[in-house]
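Right, one structure below, let's go through it.
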Amino acid sequence: MLLKSFPSILLVVTLVLKVPSGAGRLVASELPAVTASRNLIVNGDLERDEDRKPPFGWVMWGAQQYKNPEYYQRDTQIRRSGKASLRIFHPKNTAGYIVTDPESAIRPEPGMAYEISFFARADRPCQGRFMVIGYQSIRPFIDAESPLNAAISLDTQWRQYRFEIRESVDFFAESSRYLILGFQAAGDPRVECTMWVDDVVVIPRRMPAGARLINPATLSITPLPHRLTPGASLDVAADLRQSGRPALKTACGLSFHRLVGFTGFPFDAKGEYNLPGELEMAIRELRLPLSRVYGVGHEPPQKDQPPWSIEMAIDRLALLCRRINLPYEMMVVELEEQSANRKLPPETWAQAVRYARSKGYGFRYWEVSNEPYSQTFSNSVGMGGAFPTSDDYVAHVKAVSAAIRKVDPTAQVGVAIHIGRPRWGNYILKNAAGSYDFAVAHYYGFENAYKSSFEELVLGQNYRVLYRIQQTQALLNAYNPNRRVYQLDTEWGMHSSGPNGERPDYANRNGNIIGVLHRAIRMIYYVREQPLAGASGWQMLGHSRGLGFDILVTDQPSARTMLYWLYYHFIRHVGDSVVEFQGTAPFVTMRGLAGDQQIEGPMTPLLLTTDAQKRQVFCVLANGSWTQDVPCRLLIKNFQGRLAFAKLLSDDDLDRPPLLTSPNNFVRDVSKNWNVEIDGGATQVRGTLPAHSVLFLTLEQSR
Numbered sequence: 101m102l103l104k105s106f107p108s109i110l111l112v113v114t115l116v117l118k119v120p121s122g123a124g125r126l127v128a129s130e131l132p133a134v135t136a137s138r139n140l141i142v143n144g145d146l147e148r149d150e151d152r153k154p155p156f157g158w159v160m161w162g163a164q165q166y167k168n169p170e171y172y173q174r175d176t177q178i179r180r181s182g183k184a185s186l187r188i189f190h191p192k193n194t195a196g197y198i199v200t201d202p203e204s205a206i207r208p209e210p211g212m213a214y215e216i217s218f219f220a221r222a223d224r225p226c227q228g229r230f231m232v233i234g235y236q237s238i239r240p241f242i243d244a245e246s247p248l249n250a251a252i253s254l255d256t257q258w259r260q261y262r263f264e265i266r267e268s269v270d271f272f273a274e275s276s277r278y279l280i281l282g283f284q285a286a287g288d289p290r291v292e293c294t295m296w297v298d299d300v301v302v303i304p305r306r307m308p309a310g311a312r313l314i315n316p317a318t319l320s321i322t323p324l325p326h327r328l329t330p331g332a333s334l335d336v337a338a339d340l341r342q343s344g345r346p347a348l349k350t351a352c353g354l355s356f357h358r359l360v361g362f363t364g365f366p367f368d369a370k371g372e373y374n375l376p377g378e379l380e381m382a383i384r385e386l387r388l389p390l391s392r393v394y395g396v397g398h399e400p401p402q403k404d405q406p407p408w409s410i411e412m413a414i415d416r417l418a419l420l421c422r423r424i425n426l427p428y429e430m431m432v433v434e435l436e437e438q439s440a441n442r443k444l445p446p447e448t449w450a451q452a453v454r455y456a457r458s459k460g461y462g463f464r465y466w467e468v469s470n471e472p473y474s475q476t477f478s479n480s481v482g483m484g485g486a487f488p489t490s491d492d493y494v495a496h497v498k499a500v501s502a503a504i505r506k507v508d509p510t511a512q513v514g515v516a517i518h519i520g521r522p523r524w525g526n527y528i529l530k531n532a533a534g535s536y537d538f539a540v541a542h543y544y545g546f547e548n549a550y551k552s553s554f555e556e557l558v559l560g561q562n563y564r565v566l567y568r569i570q571q572t573q574a575l576l577n578a579y580n581p582n583r584r585v586y587q588l589d590t591e592w593g594m595h596s597s598g599p600n601g602e603r604p605d606y607a608n609r610n611g612n613i614i615g616v617l618h619r620a621i622r623m624i625y626y627v628r629e630q631p632l633a634g635a636s637g638w639q640m641l642g643h644s645r646g647l648g649f650d651i652l653v654t655d656q657p658s659a660r661t662m663l664y665w666l667y668y669h670f671i672r673h674v675g676d677s678v679v680e681f682q683g684t685a686p687f688v689t690m691r692g693l694a695g696d697q698q699i700e701g702p703m704t705p706l707l708l709t710t711d712a713q714k715r716q717v718f719c720v721l722a723n724g725s726w727t728q729d730v731p732c733r734l735l736i737k738n739f740q741g742r743l744a745f746a747k748l749l750s751d752d753d754l755d756r757p758p759l760l761t762s763p764n765n766f767v768r769d770v771s772k773n774w775n776v777e778i779d780g781g782a783t784q785v786r787g788t789l790p791a792h793s794v795l796f797l798t799l800e801q802s803r
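Residue numbers (our numbering): 101 to 803.
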């Protein structure tokens, strides 16, 4: 995991020669000549001689207090060509900008690319901003995805700036039905700068046949079933005979950082295993069904230490699996540096697979690169250098996949995608199809835990993410029609920044009761409905100074985090088969994926499973309300049982640090609060599920 934040698309262009494109950066000489014969911009050359402020074809934009016509004028003294240019003045402590008139907006068409060219200069060196802004409607204005938001370096000489945006790669014509261009003289409100713009041209061209991406919004997706309908209480009926669908235990995995992690564990730089026995036992007790380690082929990270051979790295990974009782085949292996600044040649990947096979290690899942799109993060300095464009990554995936499959035809190759960046998600799925077996999207919950409600964070956010997962799977199916391609989520969890912008690692709400409920509800759906093939949460080992993601902390090996106790009890309450149920529950209405959409879902999701012999029934219930206790009744037909276990996880402090020296106040026995009765051939369970809690029940067949 790397710290990440996802603002609107930001592509920095400082020279004429840089053009952001999924097909790579193109130098100006490689682009078709841009001429004004089909220019889609009205008065882009500012030659229309009218005394208007702003000039004809241009409109002030942004907050009303910054709309001063004197700041946006036609200038006949400073111009690049013709009779005039557009002068844009940005005073200090303002944030206004100018756009092409929405009444003359570009009306994009499916399968088209748009080549953009303009000249600009400033009265001093400064950072301006160029935008292509999308709207679904202009009467009224309804936002849509905006294809481009680029910082541009300005100086006192005229420069040409050229961009290309592609329909379906940067936006979809179905939603971004109107496009306007925007210019801002200074991206920093504190900076005063004057900018001149001239010869603004947009030329459409038809994309090659087959280049258009599938719009996920056009795919038919049935939301995951809640198996509950709205009601005043949680009232559920289940039949033990209606079981048999396997429960997805692999949804309860946890990922490590590196073999030589930032904590100094589980190996030192020389390759010596150094995980304390107390921590090793704690990991074993999690009964991991799945895990993942990244950067295996670039160990150790310390530059003053000799690098390990790939064989040594694979041996150490295998040793870790043995020490924590994880089958080799359930360890996802990622070989390349986590910041995506270095990549390994396909031959090294093949060498790793060949060596693992020769040693009988059985590693099966090979994830190609960790977050290769990391240069798109807002804090991306020093990240993603190995893959300047998504095409670079696609080529790497194809080469690595071919090398791996030549050694092991049964190996499973994973591709890393970013679902919020079409160039790094949809585009990769299409263009690398046939070279991957699974996709890795890292479905973190990025909403701000200090600004959103508890219910939005643990219920609404999860319901939105689950739908995103279904969208991704629909794309996978569409691009791979003749083979099974699935998803493995090798990192996930709450990923909010702190109240003052702190890194998510230091935001306690990611790992305390909010993070616990968020993960519990997600895993209920993962295990029960199986929208993906497996999930491994972030992260196993950390330090007590940053508890946003940690399961265990190496500097306090006897302490356990709240998340640790969630995973400890959850895996013990996932049986072999899912027990089908139906019933009622209180429902909540939450924000949808976009615009004014809304989604509904139960306040109290639950999971029912049973063991292979159907002698036990395991129940996991989560209450996603901060304030509302919920009366519960479970009726399990064709099962006569007694209550063997009832533990509740809950905490009343939204800001309590997640690290616990004792679980007693967080994990409580609530057996006395739940009544179990046998009624004929059925078992009835009654009780009240407290607000913001996770309940684990085990019922055993009566003798």
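Here a beta-carbon is modelled for each residue, glycine too, at the ideal position from N, C-alpha and C.
Q: With distances taken Cα to Cα, identify the nearest neighbour of glutamine 728 among Ala317, Phe687, Gly514, Lys167.
A: Phe687
(Q) Are the CB atoms of lysine 443 and alanine 502 within a distance shorter than 7 Å? (A) No, these two residues do not count as a Cβ contact at 7 Å.
Q: Buried or exposed for valine 232, please, with buried defined as at least 16 other CB atoms from any protein chain shown within 10 angstroms of its CB.
A: Buried.
Q.
Mapping the DSSP letters down to three states, classify histidine 190 as helix, strand or coil.
A. strand
Q: Please report the residue range of the alpha helix (DSSP H) in which valine 805 lies.
A: Since the first residue of the chain shown is 101 and the last is 803, residue 805 is not available in this structure.
Q | Beta carbon of glutamine 475 nearer than 7 Å to that of glycine 482 | A | no
Q: Could you name the residues of the same chain whose beta carbon sits closer than 7 Å to that of tyrosine 428, not counting the 5 residues immediately before and after it, in chain order?
A: Ala418, Cys421, Tyr461, Gly462, Phe463
Q. Any chance the region 310-325 sits against the region 652-669, with 3 or more Cβ pairs inside 8 Å?
A. no
Q) Which residue from Ala791, Gln801, Ser793 puts its Cα closest to that of glutamine 784? A) Gln801
Q.
With a threshold of 7 Å on Cβ separation, who are the neighbours of asparagine 454 within its own chain once the five nearest residues in sequence on each side are excluded?
A. The question names asparagine, yet the displayed sequence has arginine at residue 454. So the qualifying residues of the chain are Val507.
Q: Can you give me the Cβ contacts of isoleucine 504 inside the same chain, cut-off strictly under 7 Å, excluding the 5 residues immediately before and after it?
A: Trp449, Ala450, Val453, Trp466, Ala511, Val513
Q.
Helix, strand or coil for methionine 431? Go by DSSP, reduced to three states.
A. strand
**Q.** Spatial distance of arginine 564 from phenylalanine 554 (CA atoms)
**A.** 15 Å
Q.
Among the candidates Gly353, Trp592, Ser276, whose CA atom is the shortest distance from the CA of asparagine 562?
A. Residue Trp592 is the option with its Cα nearest to asparagine 562.
Q) How would you label serine 658, buried or exposed, when you count the other beta carbons within 10 angstroms and need 16 or more for buried? A) exposed
Q. Whose CA, out of Arg305, Leu647, Ile528, Gly353, lies closest to the CA of valine 515?
A. Ile528
Q) Of the residues Cys293, Val300, Thr176, which one's Cα is nearest the Cα of isoleucine 188? A) Cys293
Q) Does the count of Cβ pairs from the region 312-331 and the region 252-261 closer than 8 Å reach three? A) no
Q: Give the DSSP bridge partners of proline 330, in chain order.
A: Ala685
Q.
Between Arg733, Tyr261, Gln740, which has its C-alpha nearest glycine 780's C-alpha?
A. Nearest neighbour of glycine 780 by Cα position, chosen from Arg733, Tyr261, Gln740, turns out to be Gln740.
**Q.** Distance, glutamate 170 Cα to histidine 618 Cα
**A.** 51 Å
Q. Do leucine 386 and threonine 350 have their C-beta atoms within less than 7 Å of each other?
A. no
Q. Expressed to the nearest angstrom, what Euclidean distance is found between the alpha-carbon atoms of tyrosine 769 and threonine 798?
A. It is aspartate, not tyrosine, that sits at residue 769 in the sequence shown. So the alpha carbons of these two residues sit roughly 12 Å apart.
Q: Could you name the residues that DSSP lists as bridge partners for leucine 708?
A: Cys719
(Q) alanine 549 and leucine 559 - do their beta-carbons sit closer together than 7 Å? (A) The beta carbons of leucine 559 and alanine 549 sit no closer together than 7 Å.
Q: Confirm, please, whether the CB-CB distance from arginine 416 to glycine 371 is below 7 Å.
A: yes
Q: Check each candidate in Met160, Arg277, Arg239 and name the one with the smallest Cα separation from methionine 212.
A: Arg277
Q) Which residue's Cα is closest to the Cα of threonine 194: Ser181, Asn582, Asn168, Pro705? A) Asn168
Q. Which runs of the beta strand (DSSP E), 3 residues or longer, sit entirely within the region 378-421?
A. 391-393
Q.
If I measure Cβ to Cβ from glutamine 342 and keep anything under 6 Å in the same chain, skipping five residues before and after, which residues do I get?
A. Glu680
Q.
Check this for me: beta carbons of arginine 352 and phenylalanine 796, under 7 Å apart or not?
A. The sequence given here has cysteine at residue 352, not arginine. Taking 7 Å as the Cβ cut-off, cysteine 352 and phenylalanine 796 do not qualify as a contacting pair.
Q. On the three-state DSSP scale, how would you describe arginine 305?
A. strand
Q.
Can you check which of these residues, Arg803, Arg457, Met412, Val627, is closest to leucine 566 by C-alpha distance?
A. Val627
Q) Mapping DSSP to helix, strand and coil, what is lysine 183? A) coil
Q.
What does the Cβ neighbour count give for methionine 430, buried or exposed, with the cut at 16 atoms within 10 Å?
A. buried
Q: Under 8 Å Cβ to Cβ from proline 407, same chain only, skipping five residues before and after it: list those, please.
A: His398, Glu399, Pro400
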